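Below is one structure, written out as structure tokens; the observations come after it.
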Amino acid sequence: MNEIRIGIINENTKLFKRSKYKILLICIGILCIALGLISNFTGGLINVSLSNLPLNILSILTNILIPLIVFMAVADLFVAEQENGTIKAVITRPISRNEILISKMVSILIYVISILIITFIIGLVMGIFFGRTQVINIPEIFIAYVVSILPIIPTIFLSILISQLSKSSSSSVMLSVLIYIIIMLSGIIFPSISSMLFISYTNWYKLFIGAQMPIKSILIIVGLLMGYSLIFFSGAYALFEKKEY
Amino acid sequence: MAPVLEVNELTKTYKNGRGIMDISFEIEKGDIFGLLGPNGSGKTTTMKIITGLSYADKGSVQILGSSLEESSKALKEIGCLIEAPAIYDYLTARENLKIAANYYAEIKTPRIDDMLTQTGLIKYANEKVKNFSLGMKQRLGLALALVSKPKLVILDEPTNGLDIEGTVDIREIIMKQAKLGITFLVSSHISHEIELMCNKVGIIKEGKLLNVTSMKNALDECETLEKYFLKHVGRKKEEV
Numbered sequence: 001m002n003e004i005r006i007g008i009i010n011e012n013t014k015l016f017k018r019s020k021y022k023i024l025l026i027c028i029g030i031l032c033i034a035l036g037l038i039s040n041f042t043g044g045l046i047n048v049s050l051s052n053l054p055l056n057i058l059s060i061l062t063n064i065l066i067p068l069i070v071f072m073a074v075a076d077l078f079v080a081e082q083e084n085g086t087i088k089a090v091i092t093r094p095i096s097r098n099e100i101l102i103s104k105m106v107s108i109l110i111y112v113i114s115i116l117i118i119t120f121i122i123g124l125v126m127g128i129f130f131g132r133t134q135v136i137n138i139p140e141i142f143i144a145y146v147v148s149i150l151p152i153i154p155t156i157f158l159s160i161l162i163s164q165l166s167k168s169s170s171s172s173v174m175l176s177v178l179i180y181i182i183i184m185l186s187g188i189i190f191p192s193i194s195s196m197l198f199i200s201y202t203n204w205y206k207l208f209i210g211a212q213m214p215i216k217s218i219l220i221i222v223g224l225l226m227g228y229s230l231i232f233f234s235g236a237y238a239l240f241e242k243k244e245y
Numbered sequence: 246m247a248p249v250l251e252v253n254e255l256t257k258t259y260k261n262g263r264g265i266m267d268i269s270f271e272i273e274k275g276d277i278f279g280l281l282g283p284n285g286s287g288k289t290t291t292m293k294i295i296t297g298l299s300y301a302d303k304g305s306v307q308i309l310g311s312s313l314e315e316s317s318k319a320l321k322e323i324g325c326l327i328e329a330p331a332i333y334d335y336l337t338a339r340e341n342l343k344i345a346a347n348y349y350a351e352i353k354t355p356r357i358d359d360m361l362t363q364t365g366l367i368k369y370a371n372e373k374v375k376n377f378s379l380g381m382k383q384r385l386g387l388a389l390a391l392v393s394k395p396k397l398v399i400l401d402e403p404t405n406g407l408d409i410e411g412t413v414d415i416r417e418i419i420m421k422q423a424k425l426g427i428t429f430l431v432s433s434h435i436s437h438e439i440e441l442m443c444n445k446v447g448i449i450k451e452g453k454l455l456n457v458t459s460m461k462n463a464l465d466e467c468e469t470l471e472k473y474f475l476k477h478v479g480r481k482k483e484e485v
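From first to last, the protein sequence lines are chains A and B.
So that you can map any letter, position 235 of the first sequence is 235 in the working numbering, and since no number is skipped, the others follow by simple counting.
Converting from the second sequence to the working numbering requires adding 245 to each position, the first position being numbered 1.
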């Protein structure tokens with residue numbers, strides 16, 4: 001456990017010290033502010049009314065931005081390190097390969113959580129500042145942000161699995177995007193399989209903010225997401241363990 | 246006393262048919278063991294297997310009696326510099342060392358500063374590595390290999406691409422550390438380097454370890470290590 005903890009500290013240092021990830025956080029913050037201002041001064045854009053700004057931002061994040069950021073971070077922490085040889089700095093230390101894989105995965109998740117925290121705060125402040133978000137709604141919005149973390153986990157593991165099959169970081173990102181789009185389209189083209197795809201649950205927070213919480217559906221979705229995570233993790237681990245540098 | 250490193254019948258064949266075959270040798274505490282051979286002879290492959298970067302088809306590696314295959318903890322006793330230094334160029338020299346030191350609970354900040362001082366990088370400790378010269382990166386690579394107070398340090402062509410001054414500096418650091426009881430496995434294709442640095446030498450060619458001897462024996466036999474190498478690979482100096 002201690003090795004994983006150290007691994008997470010190190011991987012987070014690597015991620016947060018890179019300029020592009022700092023800039024990305026700032027850009028997402030600016031995007032939230034811009035969306036808030038536009039919807040306030042235009043009286044609400046399509047789907048972006050100020051009263052539910054934090055949740056609208058959450059939808060944009062979980063459906064588009066976060067998957068893209070995940071693919072980029074995975075490419076940087078796995079494939080780019082293989083390309084430039086810095087992975088050797090980790091492999092030759094007293095930490096096993098499964099601990100390395102888990103620590104890299106968790107640090108990507110921490111980065112994603114930091115994005116969610118920033119957007120939650122900005123969205124909420126803007127909503128309250130312009131007097132459109134009710135304080136009574138804050139716990140509901142908070143729950144929506146917290147539960148949105150779960151569907152991101154299989155996406156991270158899928159991207160790690162793809163990265164283990166990729167020769168370069170750019171091909172890892174492109175392949176991840178392509179496969180993500182294919183899965184997304186297959187859910188649209190074949191609605192009958194949509195409920196079996198993990199991508200279909202990026203907006204599952206809606207189940208938590210209704211008048212009644214469908215516990216059974218929530219448990220089924222949790223099981224499905226965990227199942228996908230386990231399958232992708234197993235595949236990624238098998239390939240990562242075998243890899244030679 | 247168990248040897249620091251015990252390599253038994255290490256064999257690995259790549260898809261192109263090259264690799265190493267039945268490599269066996271031992272290194273005792275305080276030795277500077279030189280692996281001398283031409284490019285592509287299997288030096289790096291051997292070192293990669295010892296450090297867990299690559300897997301052998303056959304054979305075993307024991308580090309202070311612990312098998313590398315059984316536990317990654319055996320890596321706790323190793324510091325290494327394989328091929329180019331594994332450095333994050335968007336971090337400073339100190340941050341690179343801190344990341345490495347984090348894996349060892351007993352390694353604290355004074356050790357990081359000590360390594361920066363010993364490698365002559367203390368002045369540049371807070372500079373981003375992307376601005377470093379090749380020599381400075383190589384020194385940092387050596388500092389990274391030594392920061393954990395390892396019992397065995399594995400260096401693959403540590404003076405590769407360095408100027409005369411840089412080469413001498415690296416050699417002096419290695420010899421100083423060896424006097425403190427650290428064991429070294431150093432590879433090179435330059436016989437002069439090995440001759441100046443090592444007290445034992447193994448000649449490797451085409452994936453086979455042809456001969457292992459003490460430097461004294463090699464020099465008694467052939468005057469220079471270059472002649473010794475040529476004699477054991479079966480070539481005369483005029484043919485080179």
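Glycine residues also receive a C-beta, built at the ideal position from the N, C-alpha and C atoms.
From a predicted model like this one, the values you see are computed outputs, not experimental measurements.
Less than 8 Å separating the beta-carbons of residue i and residue j?
i, j, result
"S6 (chain A)", "N347 (chain B)", "For the record, residue 6 (chain A) in the displayed sequence is Ile; it is not Ser. Yes."
"L320 (chain B)", "V249 (chain B)", "no"
"G297 (chain B)", "I91 (chain A)", "yes"
"L115 (chain A)", "L61 (chain A)", "Per the sequence shown, residue 115 (chain A) should be read as Ile rather than Leu. In this structure, L61 (chain A) lies closer than 8 Å to I115 (chain A) by Cβ."
"I427 (chain B)", "V398 (chain B)", "yes"
"E451 (chain B)", "D401 (chain B)", "no"
"G380 (chain B)", "L407 (chain B)", "yes"
"I152 (chain A)", "I66 (chain A)", "yes"
"L25 (chain A)", "S107 (chain A)", "no"
"A345 (chain B)", "V392 (chain B)", "yes"
"L366 (chain B)", "A388 (chain B)", "yes"
"H434 (chain B)", "G287 (chain B)", "no"
"T202 (chain A)", "N63 (chain A)", "yes"
"I160 (chain A)", "M105 (chain A)", "yes"
"L470 (chain B)", "S436 (chain B)", "yes"
"N12 (chain A)", "I110 (chain A)", "yes"
"K453 (chain B)", "M266 (chain B)", "yes"
"L326 (chain B)", "P403 (chain B)", "yes"
Can you tell which of the options has the C-alpha that lies nearest to the C-alpha of residue i?
i, options, result
"T155 (chain A)", "A:A236, A:I91, A:I30 and A:S168", "A:A236"
"E125 (chain A)", "A:L37, A:S200, A:E241 and A:I4", "It is worth fixing the name first, because residue 125 (chain A) is Val in this sequence and not Glu. Of the listed residues, the one whose Cα sits closest to V125 (chain A) is A:L37."
"M460 (chain B)", "B:E438, B:G426, B:A350 and B:L320", "B:E438"
"V222 (chain A)", "A:E11, A:I149 and A:A34", "A:I149"
"K421 (chain B)", "B:R356, B:G406, B:L281 and B:T364", "B:T364"
"L197 (chain A)", "A:Q212, A:Y180 and A:I209", "A:Y180"
"F377 (chain B)", "B:Y335, B:V413, B:D465 and B:T412", "B:Y335"
"S312 (chain B)", "B:E466, B:A247, B:N462 and B:A390", "B:A247"
"G262 (chain B)", "B:I332, B:G285 and B:S433", "B:G285"
"I117 (chain A)", "A:G29, A:K243 and A:L178", "A:G29"
"E241 (chain A)", "A:I199, A:L101, A:V173 and A:I8", "A:L101"
"V173 (chain A)", "A:K22, A:L68 and A:I23", "A:L68"
"Y205 (chain A)", "A:I128, A:S171, A:V147 and A:S229", "A:V147"
"N84 (chain A)", "A:L230, A:S169 and A:M184", "A:S169"
For residue i, count neighbouring Cβ atoms within 10 angstroms of its own Cβ and tell me buried if that reaches 16, exposed if not.
i, result
"L430 (chain B)", "buried"
"C32 (chain A)", "buried"
"E254 (chain B)", "exposed"
"C27 (chain A)", "exposed"
"V485 (chain B)", "Confidence at V485 (chain B) is low in this model, with a pLDDT of 41, below 50, so its placement is unreliable and no value can be given for it."
"M213 (chain A)", "exposed"
"M72 (chain A)", "buried"
"G479 (chain B)", "exposed"
"M442 (chain B)", "buried"
"T42 (chain A)", "exposed"
"S176 (chain A)", "buried"
"V112 (chain A)", "buried"
"S19 (chain A)", "exposed"
"E99 (chain A)", "buried"
"N371 (chain B)", "exposed"
"A463 (chain B)", "buried"
"Y259 (chain B)", "exposed"
"T354 (chain B)", "exposed"
"T278 (chain B)", "At residue 278 (chain B) the sequence reads Phe, which differs from the Thr that was named. By the 10 Å Cβ count, F278 (chain B) comes out buried."
"A34 (chain A)", "exposed"
"I215 (chain A)", "exposed"
"L425 (chain B)", "exposed"
Give me the Cβ distance between residue i and residue j, rounded to the nearest whole Å; I'm assuming they're in contact under 8 Å.
i, j, result
"E251 (chain B)", "Q307 (chain B)", "4 Å"
"I295 (chain B)", "K257 (chain B)", "The Cβ separation is near 12 Å, so there is no contact."
"L158 (chain A)", "F78 (chain A)", "About 13 Å separates the two Cβ atoms, so there is no contact after all."
"G386 (chain B)", "I332 (chain B)", "7 Å"
"S163 (chain A)", "A75 (chain A)", "6 Å"
- prompt: Which ranges does the alpha helix (DSSP H) cover as unbroken runs of at least 4 residues, wholly within the segment 33-98 of chain A, from first to last along the chain?
  reply: 53-60, 66-74, 80-84 and 88-91
task: Ignoring anything shorter than 4 residues or poking outside the segment 260-335 of chain B, list the alpha helix (DSSP H) runs there in chain order.
output: Taken in chain order, the whole alpha helix (DSSP H) runs of length 4 or more contained in the segment 260-335 of chain B are 288-295.
task: Could I get the ranges of all uninterrupted alpha helix (DSSP H) runs contained in the segment 111-154 of chain A, with 4 residues as the minimum, in chain order?
output: 138-147
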